[in-house]
Amino acid sequence: MRFGVCAGPNMLDQAAEAGFDYIELAAAPIAGMEKEVYQELVRKMAGSPIKAEAFNIFLPGTMKIIGPEASLETLEAYLYKALPRLRELGGKVIVFGSGLTRRIPAEWPPESARSQFAQALQICGDAAGKAGMTIALEPLNHKDVDLIINAAQGLDLVRELAHPHVRLLVDTFHMYVESEDYSVLSGMAGWLAHVHIARGEGRKYPADPSEDRYGEFFDALQDIGYQGRISIEASCTDFRTDAPIALQILRSTG
Numbered sequence: 012m013r014f015g016v017c018a019g020p021n022m023l024d025q026a027a028e029a030g031f032d033y034i035e036l037a038a039a040p041i042a043g044m045e046k047e048v049y050q051e052l053v054r055k056m057a058g059s060p061i062k063a064e065a066f067n068i069f070l071p072g073t074m075k076i077i078g079p080e081a082s083l084e085t086l087e088a089y090l091y092k093a094l095p096r097l098r099e100l101g102g103k104v105i106v107f108g109s110g111l112t113r114r115i116p117a118e119w120p121p122e123s124a125r126s127q128f129a130q131a132l133q134i135c136g137d138a139a140g141k142a143g144m145t146i147a148l149e150p151l152n153h154k155d156v157d158l159i160i161n162a163a164q165g166l167d168l169v170r171e172l173a174h175p176h177v178r179l180l181v182d183t184f185h186m187y188v189e190s191e192d193y194s195v196l197s198g199m200a201g202w203l204a205h206v207h208i209a210r211g212e213g214r215k216y217p218a219d220p221s222e223d224r225y226g227e228f229f230d231a232l233q234d235i236g237y238q239g240r241i242s243i244e245a246s247c248t249d250f251r252t253d254a255p256i257a258l259q260i261l262r263s264t265g
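Just so it is clear: in the sequence shown, position 228 is 239 by the working numbering, and no numbers are missing.
Right under this line is the structure:
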């Protein structure tokens with residue numbers, strides 16, 4: 012397994028020093044960077060021992076992919092600009108969470124919203140495949156979205172799409188909020204492409220092996236043969252202190 016951390020570009024050096032294998036950056040801000048700012052990030056990444064192998068915050072919150080104002084043309088234009096940048100920075104997997112884009116407008120039929128979302132995923136998968144990357148659908152909890160609110164629903168959708176470049180992510184925090192059992196992972200062999208992890212309570216960096224069900228989670232991953240990337244997506248008090256501890260817990264447990 013490879014272990015990374017969700018952080019900003021300003022944390023690249025610290026992430027490498029802490030021992031992470033990669034950094035997971037936010038895609039939308041990078042897509043929106045002025046050319047000169049982006050080129051500076053490219054230079055910084057080129058000089059780093061780790062790369063941005065994964066990206067989150069895929070779409071801008073203002074983008075409409077569900078509802079009467081949905082625009083697939085706008086989505087395609089965004090992908091045309093964003094994906095080459097993500098690939099150049101080392102991207103392998105793109106997390107499709109983007110909760111603001113997944114809220115169903117009032118009085119919009121849920122079945123229409125799901126169909127629109129599936130179509131958007133299909134378009135993203137096509138574009139990601141051409142760029143040599145994979146989309147990882149992230150189920151978010153019911154407090155954040157009203158579409159694909161647990162891992163079971165996410166698995167159903169990616170199976171339904173059966174797109175070679177659209178797979179699934181599981182996030183232990185969202186599973187914690189939804190009280191979702193790790194047994195759901197048993198059906199994800201071949202479908203799981205990325206993982207986010209945090210201590211469930213408070214969404215903090217792992218600080219002690221006994222504080223949460225880390226061992227049970229890694230057992231479930233091993234049962235399906237998962238050997239991919241796992242990113243810490245959480246908050247901490249002091250990165251230089253907390254990150255190495257969290258990473259050691261994950262490496263020793265996984």
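Even for Gly, the Cβ is constructed at its ideal location relative to N, Cα and C.
Going by other Cβ atoms of all chains shown within 10 Å of its Cβ, with 16 needed for buried, is Ala126 buried or exposed? Translated into the one-based positions of the sequence shown, residue 126 becomes position 115. Checking the sequence shown, residue 126 turns out to be Ser, not Ala. So Ser126 counts as exposed.
So, using beta-carbon positions, are Gly30 and Leu261 closer together than 8 Å? To locate residue 30, count along the sequence shown from 1; it is residue 19. To locate residue 261, count along the sequence shown from 1; it is residue 250. Contact flag unset, no.
Report the residue from His205, Leu151, Gly101 and Ala129 whose alpha carbon sits nearest the alpha carbon of Gly110. Taking the first residue of the sequence shown as 1, we reach residue 110 at position 99. Gly110 has its Cα closest to that of Leu151, out of His205, Leu151, Gly101 and Ala129.
Compute the distance between the beta-carbons of Ala38 and Ile68, then report whether it is under 8 Å. The sequence position of residue 38 within the sequence shown is 27, counting from 1. The sequence position of residue 68 within the sequence shown is 57, counting from 1. Contact flag set, yes.
DSSP state of His207 mapped onto helix, strand, coil: Here the question's residue 207 lines up with position 196 in the sequence shown. DSSP places His207 in strand when its eight states are reduced to three.
Taking only the alpha-carbon atoms, compute the straight-line gap between Pro60 and Pro79 and give it to the nearest angstrom. The residue given as residue 60 occupies position 49 in the sequence shown. The residue given as residue 79 occupies position 68 in the sequence shown. Straight-line Cα distance between these residues: approximately 45 Å.
Which first and last residues belong to the alpha helix (DSSP H) in which Cys135 is found? Looking up residue 135 in the sequence shown gives position 124. Run containing Cys135: Pro121 to Lys141, per the alpha helix (DSSP H) assignment.
Within 7 Å: the Cβ of Ile235 and any heavy atom of the ligand FMN? Although the ligand FMN was asked about, the structure shown includes no ligands whatsoever.
By DSSP, does Ser59 sit in helix, in strand, or in coil? Within the sequence shown, residue 59 is the residue found at index 48, counting from 1. The answer is coil: DSSP assigns Ser59 none of H, G, I, E or B.
Supposed close pair Ala131, Leu86 - CB separation, criterion 8 Å: Locating residue 131 in the sequence shown gives position 120, counting from the first residue. Locating residue 86 in the sequence shown gives position 75, counting from the first residue. The pair is a contact, with the Cβ atoms about 6 Å apart (cut-off 8 Å).
DSSP on Gly10, reduced to helix/strand/coil? With the chain covering only 12 through 265, there is no way to say anything about residue 10.
Taking C-alpha atoms, which residue in Phe107, Ala218, Lys46 and Tyr225 lies nearest to Asp249? For this step, residue 249 is matched to residue 238 along the sequence shown. The candidate whose alpha carbon is nearest that of Asp249 is Ala218.
Under a Cβ-count criterion, where at least 16 other Cβ atoms within 10 Å of its own Cβ denotes burial, should Ala173 be classed as buried or exposed? Residue numbering aside, residue 173 sits at position 162 when the sequence shown is read from its first letter. Looking at its Cβ environment, which holds fewer than 16 other Cβ atoms inside 10 Å, Ala173 is exposed.
Check the DSSP bridge columns for Arg10 and list the partner residues they point to. Because residue 10 is not part of the residues shown, which for the chain are 12 to 265, the question remains open.
For Ala200, count neighbouring Cβ atoms within 10 angstroms of its own Cβ and tell me buried if that reaches 16, exposed if not. As a position in the sequence shown, residue 200 is number 189, starting the count at 1. Exposed, because fewer than 16 other Cβ atoms sit within 10 Å of the Cβ of Ala200.
For the putative contact between Ala26 and Ile34, defined by C-beta atoms under 8 Å, what is the C-beta separation to the nearest angstrom? As a working note, residue 26 is residue 15 in the sequence shown. As a working note, residue 34 is residue 23 in the sequence shown. About 5 Å separates the two Cβ atoms, so the contact holds.
Just verifying my parser: in three-state terms, what is the DSSP assignment at Tyr225? For the purposes of this step, residue 225 is taken as residue 214 along the sequence shown, with counting starting at 1. Note: Tyr225 maps to helix in three-state DSSP.
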